[in-house]
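Some notes on the structure that comes next.
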Amino acid sequence: GQQVMQIPQYQHVQEGEDFTTYCNSSTTLSNIQWYKQRPGGHPVFLIQLVKSGEVKKQKRLTFQFGEAKKNSSLHITATQTTDVGTYFCALDTGRRALTFGSGTRLQVQP
Amino acid sequence: GAGVSQSPSNKVTEKGKDVELRCDPISGHTALYWYRQRLGQGLEFLIYFQGNSAPDKSGLPSDRFSAERTGESVSTLTIQRTQQEDSAVYLCASSNRGGNQPQHFGDGTRLSIL
Chain A
1 GQQVMQIPQY
11 QHVQEGEDFT
21 TYCNSSTTLS
31 NIQWYKQRPG
41 GHPVFLIQLV
51 KSGEVKKQKR
61 LTFQFGEAKK
71 NSSLHITATQ
81 TTDVGTYFCA
91 LDTGRRALTF
101 GSGTRLQVQP
Chain B
1 GAGVSQSPSN
11 KVTEKGKDVE
21 LRCDPISGHT
31 ALYWYRQRLG
41 QGLEFLIYFQ
51 GNSAPDKSGL
61 PSDRFSAERT
71 GESVSTLTIQ
81 RTQQEDSAVY
91 LCASSNRGGN
101 QPQHFGDGTR
111 LSIL
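Chains as they are written, first to last, in the working numbering: chain A, 1 to 110; chain B, 1 to 114.
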């Protein structure tokens, strides 16, 4: 079955430092999505990547889709306290529903 | 409504009781999903409805769990004979057409089994 690994599970950074979370799949993906869940909140869709090698930016967030369409990363430049939360990747493997990764919890120290 | 609506927001019940959770998806969204999220954990897929197709029930953890959806509107998730391990937040999401479309989540129902 579909295996998805998201690392790290947890990261604590000082405000202003960069942060990266990685998502790896055991199979080739149709596309990948990223979601953010604030503490006590619900997941909110951030972005969808479809093309091999695709790079998309949203302000301080940079999303990459691997050339082989098996992995992806989310990089945050100069973290702020508003970035606190858990970041999930969600994989589209062609099955009927997405498969969510276990998430990376980000804590930002002011 | 503007977003996915779930009710109740909180539910406390005794072990062995049945509970029913409700989800109102975004109007026009054909796909609806239920997830379970235990404290500090990821999203555990439960069930997926897409239009008039047979639902994907592959994530339901036991036969105590069931879900229904009326057309392309409201869905209810029922847990019978609740156990303490059922304590979690139950999240509902909807999407336009399903499959690989972005999902919009409700605020969830926090279920506590005493």
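Heads up, the beta-carbon is just placed ideally off N, CA and C, and yes, glycines get one too.
Under the Cβ distance rule, residue 71(A) does not count among the residues neighbouring chain B, no pair being separated by less than 8 Å. Minimum Cα-Cα distance from residue 68(B) among the listed residues 89(B), 114(B), 81(B), 52(B) corresponds to 52(B). Rounded to the nearest whole angstrom, the C-alpha separation of residue 23(A) and residue 75(A) is 12 Å. Nearest CB-CB separation between residue 101(A) and chain B: below the 8 Å threshold. For residue 26(A), not one C-beta of chain B is nearer than 8 Å to its own C-beta.
Secondary structure of residue 84(B) (DSSP, three-state): helix. The C-alpha of residue 44(A) is placed about 19 Å away from the C-alpha of residue 10(A).
In chain order, 102, 103, 104 make up the part of chain B whose C-beta sits under 8 Å from the C-beta of residue 45(A). Remark: C-beta atoms of residue 59(B) and residue 43(B) do not approach each other more closely than 8 Å. In the structure shown, the three-state DSSP call for residue 109(B) is strand. In the DSSP assignment, residue 68(B) falls within the unbroken beta strand (DSSP E) covering 65 to 69.
At a cut-off of 8 Å between beta carbons, residue 24(B) makes no contact with chain A.
Interface residue (Cβ-Cβ distance to chain A less than 8 Å): residue 43(B) is classified as such. Residue 73(A) is not a Cβ neighbour of residue 32(A), given a cutoff of 8 Å.
Put simply, the CB of residue 108(B) is near chain A, with a gap under 8 Å to one of its CB atoms. The Cβ of residue 12(A) sits no closer than 8 Å to any Cβ of chain B. In the structure shown, residue 24(B) falls within a strand segment according to DSSP collapsed to helix, strand and coil.
Under the three-state reduction of DSSP output, residue 56(B) falls in the strand class.
Assigned with DSSP and collapsed to three states, residue 83(A) falls in helix.
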